[in-house]
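**Q** Residue numbers (the numbering used here), protein chains in the order written: chain D, 21 to 138; chain C, 21 to 138.
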């Protein structure tokens, strides 16, 4: 499947653009990573989420080693064209900690301890 | 209400941290903006979403002029402590375009035109 690229993130202004990834069914926020033009184009071409690894400075197919891939069902762009939203079908956990979502920790009022809410 | 700040974004490593804002009920992704330490602490202290405006380089209470404020119901931090999730009760639209969400545009397959899906 190819995509109309008239509507695209502004990689000329920002080399790396945040990509927010939600579970397509539950809308749970799974993770936030970054895309460059290569990651964007590879995601559109393959239908699987690819990001740019800032630590390894290279293209990163989510789940390439773990098998925890993300099949993209919808892509949106924000008003400023500097943030990407992916809705995905997540295989296994999204987080390297083994949690479904990277956002498994709630910041609690001072009367309570920071808690895991998994 | 005060918050336990043992669990906090790592502002020493990153001066500005992306904050992803979801509607507390529908989980719709409303917007993505940035927080510095001042915005983070003001959000915790007041219970209303504050960001750091990169264009104006100052603290920005969401809705301070429009009235479209965000009452925070939950705050989460990701595994790397470099992204914040806010769940909010949004008054009015979140986007300056008047759309409920900044992510009102879907990137479509090439056979279709980019479409608004509001």
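All C-beta atoms in this analysis are idealised placements derived from N, C-alpha and C, irrespective of residue type, glycine included.
Please read all numbers here as calculations on a predicted model, not as lab measurements.
Just to check my reading of the structure: residue 81 of chain D and residue 70 of chain D have Cβ atoms closer than 8 Å, yes? What is that Cβ distance to the nearest angstrom?
**A** Reading the first chain from its first residue, position 61 is the one you call residue 81 of chain D. Reading the first chain from its first residue, position 50 is the one you call residue 70 of chain D. Indeed they touch by this definition, with Cβ atoms about 5 Å apart.
**Q** Cα separation between residue 67 of chain D and residue 94 of chain D?
**A** Reading the first chain from its first residue, position 47 is the one you call residue 67 of chain D. Reading the first chain from its first residue, position 74 is the one you call residue 94 of chain D. Roughly 9 Å separates the two Cα atoms.
**Q** Using 8 Å as the threshold, is the C-beta distance between residue 40 of chain D and residue 40 of chain C below it?
**A** One-based indexing of the first chain puts residue 40 of chain D at position 20. One-based indexing of the second chain puts residue 40 of chain C at position 20. Yes, the pair counts as a contact, with Cβ atoms nearer than the cut-off.
**Q** Using CA coordinates, which residue listed in D/65, D/97, D/87 is at the minimum distance from residue 111 of chain D?
**A** For the purposes of this step, residue 111 of chain D is identified with residue 91 of the first chain, where counting begins at 1. The shortest Cα separation from residue 111 of chain D among D/65, D/97, D/87 belongs to D/87.
**Q** Rounded to a whole number of angstroms, what is the C-alpha to C-alpha distance between residue 59 of chain D and residue 90 of chain C?
**A** Residue numbering aside, residue 59 of chain D sits at position 39 when the first chain is read from its first letter. Residue numbering aside, residue 90 of chain C sits at position 70 when the second chain is read from its first letter. So the two alpha carbons sit approximately 32 Å from each other.
**Q** Confirm, please, whether the CB-CB distance from residue 99 of chain D to residue 85 of chain C is below 8 Å.
**A** Start at 1 with the first residue of the second chain, and residue 85 of chain C comes out as number 65. Start at 1 with the first residue of the first chain, and residue 99 of chain D comes out as number 79. Not in contact: residue 85 of chain C and residue 99 of chain D (Cβ atoms no closer than 8 Å).
**Q** For the stretch 94 to 113 of chain D, list every residue whose C-beta sits within 8 Å of some C-beta in chain C, in sequence order.
**A** For the stretch 94 to 113 of chain D, which is checked against every Cβ of chain C, the residues closer than 8 Å are 94, 95, 96, 97, 98, 99, 100, 103, 105.
**Q** Residues of the stretch 36 to 53 of chain D in Cβ contact with chain C at a cutoff of 8 Å, in chain order, please.
**A** For the stretch 36 to 53 of chain D, which is checked against every Cβ of chain C, the residues closer than 8 Å are 38, 40, 42, 46, 47, 48, 49, 51, 52.
**Q** Are any of the Cβ atoms in chain C nearer than 8 Å to that of residue 136 of chain D?
**A** Position 116 of the first chain, counting from 1, holds the residue named residue 136 of chain D. In this prediction, residue 136 of chain D scores a pLDDT of 48, lower than 50, which makes its location untrustworthy; the coordinate-derived value is nonetheless stated afterwards. No, residue 136 of chain D does not count as interfacial toward chain C.
**Q** Taking residue 58 of chain C as part of the alpha helix (DSSP H), name the residues at either end of that continuous run.
**A** Indexing the second chain from 1 puts residue 58 of chain C at position 38. Per DSSP, residue 58 of chain C belongs to the alpha helix (DSSP H) from 57 to 66.
**Q** Under a three-way DSSP split, which group does residue 90 of chain D fall into?
**A** For this step, residue 90 of chain D is matched to residue 70 along the first chain. Looking at residue 90 of chain D - three-state DSSP - the assignment turns out to be strand.
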